[in-house]
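**Q**
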Amino acid sequence: MTRSTQGKIVIFSAPSGAGKSTIINRLLERFPRLEFSISATSRAPRGKEVHGREYYFMDNAEFARRAASGEFVEWEEVYAGTCYGTLRSELERIWAKGNTIVFDVDVKGGINLKKIFGEQALSLFVMPPSVGELRRRLEGRGTDAPEVIERRVAKAAEEIAHAPQFDRTVVNDSLERAVAEAERIVGAFIG
Ligand code: ADP
Ligand code: 5GP
8 MTRSTQGKIV
18 IFSAPSGAGK
28 STIINRLLER
38 FPRLEFSISA
48 TSRAPRGKEV
58 HGREYYFMDN
68 AEFARRAASG
78 EFVEWEEVYA
88 GTCYGTLRSE
98 LERIWAKGNT
108 IVFDVDVKGG
118 INLKKIFGEQ
128 ALSLFVMPPS
138 VGELRRRLEG
148 RGTDAPEVIE
158 RRVAKAAEEI
168 AHAPQFDRTV
178 VNDSLERAVA
188 EAERIVGAFI
198 G
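Using our numbering, you'd call the opening residue of the sequence shown number 8 and step up by one each time.
1. In chain order, what residues of the same chain have a beta carbon less than 8 Å from the beta carbon of T93, not counting five sequence neighbours either side?
2. Is it buried or exposed, H58, if we count other Cβ atoms within 10 angstroms and call 16 or more buried?
3. Comparing C-alpha positions only, which one of T107, I108 and S130 sits nearest to I118?
4. Strictly by DSSP, which residues pair up with W102?
5. Classify E154: buried if its beta carbon has 16 or more other beta carbons within 10 angstroms, exposed otherwise.
6. Please tell me whether, using a cut-off of 6 Å, the distance from the CB of T29 to the nearest non-hydrogen atom of the ligand ADP is below it.
7. Should E83 be listed as close to the ligand 5GP, given that the test is whether its C-beta is under 6 Å from any heavy atom?
8. Output needed for F196: all residues of its chain with C-beta closer than 6 Å, excluding positions within five of it in sequence on either side, in chain order.
9. Do G26 and V133 have their C-beta atoms within less than 7 Å of each other?
10. Is the Cβ-Cβ distance between T107 and K15 less than 7 Å?
11. Could you say which of E183, S181, V177 and I156 lies nearest to I192 if we only look at CA atoms?
12. Considering only the beta carbon of each residue, do R37 and E165 sit closer than 7 Å?
13. When the Cα of P39 is compared with those of G105, R144 and G125, which residue comes out closest?
14. In this structure, what does DSSP give as the bridge partners for A47?
15. Can you look up L145 in the DSSP assignment and give me helix, strand or coil?
Quick look at the structure:
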């Protein structure tokens, strides 16, 4: 990747259920020059997910082979036995169009991407109003089994402790207020 092809990136991280996918989707509608970074994952597709739209799906062996040959900018074993990562080819694909890349990554991945891209990157942490409300949203979303919800809620306190390492924190209390705040921050960054 040559330096001249590099553009800006916007990183969203949050505990699962805080509302980052909802906010990202609103931003993608609002700013046509933003484009979502499709991650690779070793988990199986869920529901109506399509290869090349939500994720690039691959088995653990292919993920490990690509990681070993340096194809990822960053990757994490986000859940035991399940890896997620960003392919360098994905960044080139989006920057080649002159677009700004939006990432939905776990908290460790968000901190790593900010370290790699520095001033080229804006990192946002989406904060739930409380852990109790986070649990209610995960239950209300209806996509996860009760034990998966427990695991996600248990991880939340540790993730929230990393919020100060992000450029900005957006509290997702009222969705409309949080979207308006995210639009202001991202709009100022992409110019
Ligand atoms: P994440 O991507 O962070 O895991 P989602 O965007 O999937 O979270 O949101 C989790 C659930 O909470 C979804 O059902 C979503 O509709 C709901 N939600 C998002 N923001 C709010 C909000 N401000 N108030 C109430 N519910 C919300
Ligand atoms: P899902 O619910 O889609 O199985 O889990 C997604 C989790 O993995 C979320 O926390 C999401 O932010 C994270 N994630 C998705 N893609 C990447 C990636 O490329 N890198 C990292 N580090 N985390 C990712």
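Every residue, glycine too, gets a C-beta built ideally from N, C-alpha and C.
**A** The structure says:
1. Here the set comprises S44, S46, A47, F79, V80, E81, W82, F110, V112, G116 and L120.
2. Classified as exposed, H58 has fewer than 16 neighbouring CB atoms from the shown chains inside 10 Å of its CB.
3. Considering only alpha carbons, the answer is S130.
4. Answer by DSSP bridge pairing: none, since W102 is not bridged.
5. Classified as exposed, E154 has fewer than 16 neighbouring CB atoms from the shown chains inside 10 Å of its CB.
6. For T29, the Cβ falls inside the 6 Å cut-off from some heavy atom of the ligand ADP.
7. Yes, the beta carbon of E83 sits closer than 6 Å to at least one heavy atom of the ligand 5GP.
8. Cβ within range, chain order: L129.
9. Using a Cβ distance threshold of 7 Å, G26 and V133 count as a contacting pair.
10. Yes.
11. If we check each option's Cα against that of I192, V177 comes out closest.
12. For R37 and E165, no; Cβs fall outside 7 Å.
13. Nearest neighbour of P39 by Cα position, chosen from G105, R144 and G125, turns out to be G105.
14. DSSP output for A47 lists Y63 and G92 as bridge partner(s).
15. When DSSP states are grouped into helix, strand and coil, L145 belongs to the helix group.
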